[in-house]
Amino acid sequence: MYPISIMGQHMTKVSIVYLSTSGNTKAMADAIAEGVKSRNVDVSVVNFHEATLEDLKASSAIALGSSTFYYKMLPPMEKFLENLGKADARGKVGAAFGSYGWSGEAPVMIADKMRQIGMKVIDPVLRVQYKPTAKDLEECKRLGKDIANKVKEASK
Ligand SMILES: Cc1cc2nc3c(=O)[nH]c(=O)nc-3n(C[C@H](O)[C@H](O)[C@H](O)COP(=O)(O)O)c2cc1C
Numbered sequence: 022m023y024p025i026s027i028m029g030q031h032m033t034k035v036s037i038v039y040l041s042t043s044g045n046t047k048a049m050a051d052a053i054a055e056g057v058k059s060r061n062v063d064v065s066v067v068n069f070h071e072a073t074l075e076d077l078k079a080s081s082a083i084a085l086g087s088s089t090f091y092y093k094m095l096p097p098m099e100k101f102l103e104n105l106g107k108a109d110a111r112g113k114v115g116a117a118f119g120s121y122g123w124s125g126e127a128p129v130m131i132a133d134k135m136r137q138i139g140m141k142v143i144d145p146v147l148r149v150q151y152k153p154t155a156k157d158l159e160e161c162k163r164l165g166k167d168i169a170n171k172v173k174e175a176s177k
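Residue numbers (our numbering): 22 to 177.
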């Protein structure tokens with residue numbers, strides 16, 4: 022499958038957006054992207070403050086990752102998530118992930134929000150304690166493949 026072009030514009034099929042303070046959730050995001058790519062589906066992976074509403078609107082699937090701080094997301098990610106409702110995401114494939122230490126609420130909250138706005142969320146959320154191990158990264162890749170397969174199914 023090749024990236025879709027609409028009126029000459031390149032359309033990213035899967036957008037992966039993350040907030041990561043020390044790189045743990047970012048490592049997950051990169052491994053998920055590898056999994057998507059391995060299925061020949063176009064993917065972008067960006068820090069949340071680089072993500073634009075246009076990118077999200079143009080995507081068939083959105084994976085959002087955040088680590089957990091004080092039993093929730095950090096406020097900038099909460100703000101970002103509020104905007105997701107404006108991204109015409111209803112009916113799109115969604116996935117939530119994140120590294121955590123002991124309680125891991127953030128990915129669950131992301132998945133709840135995605136469901137609220139009508140996205141088709143992959144269950145369960147993917148959580149990794151602290152720095153992902155090689156085995157954890159394999160799981161992230163598997164999630165990426167799963168997302169890619171769902172995007173392909175949806176475009177049939
Ligand atoms: C100040 C502080 C508060 C934290 N609060 C929580 C928490 O409430 N629950 C939890 O599961 N982990 C908590 N953690 C652990 C982080 O989620 C964990 O270190 C995670 O791996 C960071 O991932 P990142 O590098 O992607 O940001 C906290 C860490 C710090 C430094």
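C-beta atoms are modelled at their ideal positions from N, C-alpha and C, and glycine is treated no differently.
Is any non-hydrogen atom of ligand 1 found closer than 8 Å to the C-beta of Asn45, if you look at the structure I gave you?
yes
With DSSP run on the structure shown, which of helix, strand or coil describes Lys93?
Lys93: strand per DSSP, three-state reduction.
Per DSSP, Val66 forms a beta bridge with which residues?
Ile37
Below 8 Å, how does it come out for the segment 152–167 and the segment 42–57: are there three or more Cβ pairs, yes or no?
yes
Taking Cβ positions, are Ala110 and Pro128 nearer each other than 9 Å?
no
Do Arg60 and Lys141 have their CB atoms nearer than 9 Å?
no
With DSSP as the reference, label Met22 as helix, strand or coil.
Here Met22 scores only 44 on pLDDT, less than 50, and its place in the model should not be relied on; the value that follows carries that caveat. Here Met22 sits in coil by DSSP.
Rounded to a whole number of angstroms, what is the C-alpha to C-alpha distance between His31 and Ser80?
At His31, the pLDDT of 41 sits below 50, so the modelled position is not reliable and the matter cannot be decided from this model.
Return the first residue and the last residue of the alpha helix (DSSP H) that Ala117 is part of.
Taken as a continuous stretch (DSSP letters only), Ala117 belongs to no alpha helix (DSSP H), being part of the beta strand (DSSP E) at Val114 to Tyr121.
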